[in-house]
Each structure stands twice: as structure tokens, then as C-alpha cells.
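Here is the structure we will look at.
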Amino acid sequence: LYRQVALEVLASPKHDKRGEDGLFTLLFRIVEGASPAMEASVKDEFSKLLEAAHYTKVMGECRQAGLHQLAAKQATSLLRYIGAIPADKAFYEAGTCMKEAGELNMAFVFLNRYLDLTEAMDDAAEQTGDQVLDNGDFVNTDIPYDFHLPSGHFLDEVKREEVRDWVLTVSMDQQVDQSLSLRTCANCGIDTYAASLKCHSCGSPVEACIITGYPIPLGEKVSPTGQPAQKEDWNTYILKFKKCPWTGSNQNPIY
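Residue numbers 24 to 278, in the working numbering, belong to the letters of the sequence shown in order.
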């Protein structure tokens, strides 16, 4: 029952703050109050649902408040939870939030992937083709590839056409880099996908920021409530909302 409620809220086409807050609270109580008898696989599943609910909740807050850089990171981090979140919704929201943040290269890649998904969904509905998606853009990321196509579209045809027009326009703009942003791995020095929590080359893990889900760069970690956060993003969020999004406790920026 709880699993089904979580999946329904995470799949919703509209962001409902009350519902998202309620889901986070529910899953937090389940995970934090889990008995030793709970199977590890079940606890792991609900922990991932909790993380997805958390980043969904804070993304809605930040987007509503005009904190577009934070919302873009949060929506991108949510791509790791495809399966719990329908793939077309996840890529559309990541692309849209990146576009609102002015990160056009990321927006292009994500919205282009969204269009690939919609075409595969249409082919599946018509039972034509084998619906194999090219994963070239995402091979060195931690974004899932093996997932079920959603049974119904997240957007109506009019809005899907608007996405097609935007992607086509950007594809002809030679000033927009049509690839994912990268970060340099602090362990091996190789460039890897900016939002990945593990270097694709050496496998070195990086902690996720509780505000955005993005990897925390070396030397930029703060953890005033016991949860790791990237200092600048923590301060941006706290200046606006005054509370830790995970614990709900009153907080101040850290300088």
C-alpha cells in the first residue's frame, strides 16, 4: 500500500506541495522507524523512495521560489530514481528546469532524450519496432537505462510538439554545446558526468548534497544537521527557507 501511494505521488503530472510533503513525512517515518526484522531489500527500496520524495519536494519548493539553479540540480538528481519516477516525466522536468536555469546544453540532451522516449512509447503502443533506445549520451552516467517505458504520456500532444520545436531550434544553434556537463574527479583527474555520484573511470564515490543531490566537491562540505551538503547550495536554500529540508529544524547559513 505505502509503495503504491509513493509511486502514484511521484508519477503525478502536477506538483502538489501538500501531497509531496505528506509523502516525505510518511516515508521518513517508515525508514527511520524500520525494525531490525525488515528485510534489507525492502528497507533499501523505501530508502530510495524517500530520497526521490525528498528531492521532488525540494525541487517544487525551489522552482516555485525562483531558485532555478537549485531546482535544475534537484531535477537532474531525480533522474537517478527513474523506475520510481516515470522516465518521460523525469527527463522532461530535468530538461525544463535546466532550460529555466540557462543550462542549455543539459536542457537539450535531456529534452532530446524525452522525445526519444515519447517516440518509443508511441511505437510500443502501436507494436511497431523493438523500442531500443540509443544510450550513447548516458553511457558514463549513473542514470538508469534498463527501465519499463511508461504506459501513458506525461504531456499532451500540444506540449510535446512545443518540446520538439525547441529541441529542433537548439539543434541548429552552433553556440549550444549538445553534451552533458562534466566535473573533474578529485581522485583520478578524469572528467566525468557532473551529476554522477561515482566516477565512471575509477569508481570513486562522492557524497550527495542533501539540498540538490549533486556530488559535493572536495573541501565544500558542511553538515550542520548531520546530513552532508555543499556549502553554497546549503546557504542559498537556507537564506530562502530558513529550515533544513531533511530534518525540518531551523537553520542559519554557514560562512
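We put the beta carbon where it would ideally sit given N, CA and C, even for glycine. Every value quoted in this text rests on a predicted model; they were computed, and no experiment measured them.
With a 10 Å radius around its C-beta and 16 neighbouring C-beta atoms as the bar for buried, classify S272 as buried or exposed.
-> Translated into the one-based positions of the sequence shown, residue 272 becomes position 249. By the 10 Å Cβ count, S272 comes out exposed.
Are the Cβ atoms of L220 and A231 separated by less than 8 Å?
-> Here residue 220 is taken as the residue at index 197 of the sequence shown, counted from 1. Here residue 231 is taken as the residue at index 208 of the sequence shown, counted from 1. In terms of Cβ geometry, L220 and A231 form a close pair [threshold 8 Å].
Since R41 is in the alpha helix (DSSP H), which residue starts that stretch and which ends it?
-> Reading the sequence shown from its first residue, position 18 is the one you call residue 41. Run containing R41: K40 to E55, per the alpha helix (DSSP H) assignment.
What three-state label does DSSP hand I105 in the structure shown?
-> Start at 1 with the first residue of the sequence shown, and residue 105 comes out as number 82. DSSP places I105 in strand when its eight states are reduced to three.
Counting along the chain, where does the beta strand (DSSP E) carrying Y216 start and finish?
-> Numbered from 1 along the sequence shown, position 193 holds the residue referred to as residue 216. Segment D214 to Y216, the beta strand (DSSP E) holding Y216.
Which of helix, strand or coil DSSP assigns to K5 | This structure leaves residue 5 out entirely; the chain is present only between 24 and 278.
Have a look at F114, E185, T164 and M61 and flag the residue whose alpha-carbon is nearest the alpha-carbon of R206.
-> Position 183 of the sequence shown holds residue 206. Distance check between R206 and each of F114, E185, T164 and M61 places T164 closest, using alpha-carbon atoms only.
Which whole-angstrom value is the C-beta distance of L138 and A110, which I expect to be below 8 Å?
-> Residue mapping note: residue 138 aligns to position 115 of the sequence shown, counting from 1. Residue mapping note: residue 110 aligns to position 87 of the sequence shown, counting from 1. The beta carbons of L138 and A110 sit about 12 Å from each other, so the pair does not count as a contact at 8 Å.
Which residue spans inside the region 176-244 form an unbroken beta strand (DSSP E) run of at least 3?
-> At a cut-off of 3 residues, the continuous stretches assigned as beta strand (DSSP E) that sit fully inside the region 176-244 are 205-207 and 214-216.
Can you tell me whether A88 is buried or exposed, with buried defined as 16 or more other CB within 10 angstroms of its CB?
-> The sequence position of residue 88 within the sequence shown is 65, counting from 1. Exposed, because fewer than 16 other Cβ atoms sit within 10 Å of the Cβ of A88.
Looking at the structure shown, is N273 part of a helix, part of a strand, or coil, going by DSSP?
-> Taking the sequence shown and counting its residues from 1, one reaches residue 273 at position 250. If DSSP states are grouped into helix, strand and coil, N273 belongs with the strands.
Out of H176, E180, I233 and E255, which has the shortest C-alpha to C-alpha gap to A34?
-> The residue you call residue 34 lines up with position 11 of the sequence shown. Cα-wise, what sits closest to A34 is H176.
Can you tell me whether DSSP reads A130 as helix, strand or coil?
-> The residue you call residue 130 lines up with position 107 of the sequence shown. Helix at A130.
What is the DSSP secondary structure of Q250, counted as helix, strand or coil?
-> If you number the sequence shown from 1, residue 250 lands on position 227. Three-state DSSP puts Q250 in coil, outside helix and strand.
By Cβ distance, which residues of its chain are closer than 7 Å to A98, with the 5 residues on each side in sequence left out?
-> The count along the sequence shown starts at 1 and reaches residue 98 at position 75. Excluding residues within five positions, the ones whose Cβ falls inside 7 Å are M82, E116, A117 and C120.
Three or more C-beta pairs below 8 Å linking the region 42-59 and the region 70-79 | Counting Cβ pairs under 8 Å, three or more are found: they touch.
Cβ contact (3+ pairs, closer than 8 Å) linking the region 158-173 and the region 209-217 = Yes, they touch.
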